[in-house]
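Structure first, commentary second.
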Ligand SMILES: [Zn+2]
Ligand SMILES: [Zn+2]
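Residue numbers (the working numbering): 5 to 380.
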């Protein structure tokens with residue numbers, strides 16, 4: 005590695021499940037394979053999955069503690085794997101990149117990597133973000149709540165020149181996940197999508213993506229601050245307070261809006277469920293018209309209860325959506341830059357990560373990001 009690099013770095017480490025992070029000096033990670041690059045982290049965004057992992061509820065758990073979380077970050081490449089003859093990368097030191105959690109060292113041999121051709125998850129070069137052998141930065145292995153991180157050149161993407169690391173980091177999981185979920189809905193322009201949890205980290209991006217993709221959009225939330233955030237975006241989407249409006253009434257209104265006779269049979273063509281809440285799931289299901297798609301992004305510990313009648317009599321499909329391929333990551337970044345997607349975030353210094361987590365639990369919407377350029 006380059007001689008100018010330090011031997012140690014500051015990192016926020018998880019020393020035990022259910023405990024706050026501890027700021028420690030740890031050895032600098034070292035690229036160990038031909039696809040590996042060392043990135044100087046400039047922004048690291050907090051995701052709900054970081055909380056799930058820190059509570060010891062993630063499956064699989066990280067291989068060892070202490071562990072460095074964060075699977076959505078951005079920074080600058082500072083070094084390659086040290087053997088030049090076996091480097092396999094389009095990137096060079098100085099390049100600004102965004103880093104998602106998946107897929108670090110995908111195997112390239114399993115069925116997922118080789119046999120699956122799912123366009124949302126599969127990449128050219130025969131690897132998949134669903135590869136069971138792959139590791140995940142910030143989940144199974146160390147991630148971005150640190151000054152440096154080792155990444156796989158195949159999992160990352162160059163940042164558009166108009167985008168700062170603080171803007172890009174939240175797109176690496178939240179942006180990619182909601183963008184891919186919308187792709188999985190396979191809607192036609194003019195069709196309707198309901199985004200349940202519209203003022204949250206994923207939701208507020210989803211509102212903007214869905215409108216720019218040409219869909220009619222209904223954003224649903226059930227708390228004051230996220231509703232205010234969704235309204236303040238002024239996207240033109242209809243924002244619904246689920247505490248005050250009933251899904252059945254909205255379905256009737258959508259039918260009238262479209263001039264349909266059978267108003268009770270109208271509704272949205274796809275509903276994307278973001279909160280870990282049965283009420284959110286039920287609201288989304290009730291908004292869907294027959295043959296609609298219910299796209300599930302969250303994974304509450306005890307699952308969701310669904311009505312078999314919705315599946316059988318109304319032909320609702322339930323579709324899960326994780327993140328997206330590297331191809332999808334690049335498409336999402338380009339789309340975000342062209343359409344000037346606004347990432348609503350608040351920043352904290354690395355040493356204030358525990359305060360960021362406290363703030364997260366207030367549930368005020370948008371994204372919370374560690375900005376490495378902040379000292380306090
Ligand atoms: Zn995430
Ligand atoms: Zn594989």
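Beta carbons are placed, not taken as given, at the ideal position from N, Cα and C, and that holds for glycine.
Residue i beta carbon near ligand 2 (any heavy atom closer than 7 Å)
i, result
"residue 1", "The structure shown does not extend to residue 1, since the chain spans only 5 to 380, so no value can be given for it."
"residue 145", "no"
"residue 125", "no"
"residue 249", "no"
"residue 138", "yes"
"residue 37", "no"
"residue 158", "no"
"residue 110", "yes"
"residue 378", "no"
"residue 113", "yes"
"residue 46", "no"
"residue 116", "yes"
heavy atom of ligand 1 below 7 Å from residue i C-beta
i, result
"residue 151", "no"
"residue 75", "yes"
"residue 298", "no"
"residue 351", "no"
Same chain only: Cβ atoms within 6 Å of residue i, ignoring 5 sequence neighbours per side
i, result
"residue 145", "139"
"residue 345", "212"
"residue 226", "246 and 247"
"residue 242", "222"
"residue 318", "294"
"residue 100", "80 and 163"
"residue 216", "343"
"residue 161", "102, 333, 334 and 337"
Expected contact under 8 Å - CB spacing of residue i and residue j to nearest Å
i, j, result
"residue 211", "residue 237", "6 Å"
"residue 329", "residue 133", "6 Å"
"residue 200", "residue 279", "7 Å"
"residue 143", "residue 204", "About 20 Å separates the two Cβ atoms, so there is no contact after all."
"residue 233", "residue 370", "6 Å"
"residue 147", "residue 75", "5 Å"
"residue 196", "residue 273", "5 Å"
"residue 9", "residue 41", "No, residue 9 and residue 41 are not in contact; Cβ-Cβ is about 13 Å, not under 8 Å."
"residue 372", "residue 50", "5 Å"
"residue 251", "residue 290", "4 Å"
"residue 149", "residue 374", "6 Å"
"residue 103", "residue 159", "7 Å"
"residue 349", "residue 379", "That belief does not hold up - the Cβ atoms of residue 349 and residue 379 are roughly 18 Å apart, past 8 Å."
"residue 95", "residue 156", "The Cβ separation is near 11 Å, so there is no contact."
"residue 13", "residue 152", "5 Å"
"residue 57", "residue 19", "Not quite, the Cβ-Cβ distance comes to about 13 Å (not below 8 Å), so this is no contact."
8 Å Cβ shell around residue i - same chain, five flanking residues per side excluded
i, result
"residue 118", "112 and 130"
"residue 308", "277, 282, 285 and 300"
"residue 35", "5, 41, 42, 83, 84, 85, 86 and 154"
"residue 59", "21 and 22"
7 Å CB neighbourhood of residue i in its chain, flanking five on each side removed
i, result
"residue 28", "15 and 17"
"residue 302", "277, 278, 279 and 280"
"residue 185", "276, 299, 301 and 325"
"residue 287", "200, 224, 246 and 251"
"residue 263", "none"
"residue 340", "175 and 179"
"residue 135", "107, 110, 111, 114, 116 and 117"
"residue 292", "271, 272, 275, 298 and 320"
Residue i CB to nearest heavy atom of ligand 3 below 7 Å
i, result
"residue 355", "By its list of ligands, the structure shown excludes ligand 3, since it contains just ligand 1 and ligand 2."
* To do: Just list the beta strand (DSSP E) runs in the region 89 to 122, keeping only unbroken ones of 3 residues or longer that don't cross its boundaries, in chain order.
  => The beta strand (DSSP E) runs lying completely inside the region 89 to 122 and spanning 3 residues or more are 100 to 104, given in chain order.
* Asked: In the region 274 to 306, which residue ranges form an unbroken alpha helix (DSSP H) of at least 4 residues, counting only runs that do not cross its ends?
  -> Taking only runs of at least 4 residues, the alpha helix (DSSP H) segments lying wholly in the region 274 to 306 are 282 to 291.
* Near ligand 1, which residues have their beta-carbon closer than 5 Å to a heavy atom? -> Residues flagged by the Cβ proximity filter: 51, 53 and 177.
* Start-end ranges of the alpha helix (DSSP H) lying completely within the region 309 to 374, minimum 4 residues -> The region 309 to 374 contains these whole alpha helix (DSSP H) runs: 312 to 316, 330 to 342 and 357 to 364.
* Asked: Fully enclosed by the region 163 to 208, which beta strand (DSSP E) runs are 3 residues long or longer?
  -> Correct list: 196 to 200.
* alpha helix (DSSP H) runs contained entirely in the region 208 to 262, provided each spans 4 or more residues -> Secondary structure in the region 208 to 262: the alpha helix (DSSP H) runs of 4 residues or longer, each lying completely within the stretch, are 228 to 236 and 251 to 261 in chain order.
* Jot down the residue ranges of each uninterrupted beta strand (DSSP E) in the region 124 to 166, minimum 3 residues, whole runs only, in chain order. => Listed in chain order, they are 152 to 156.
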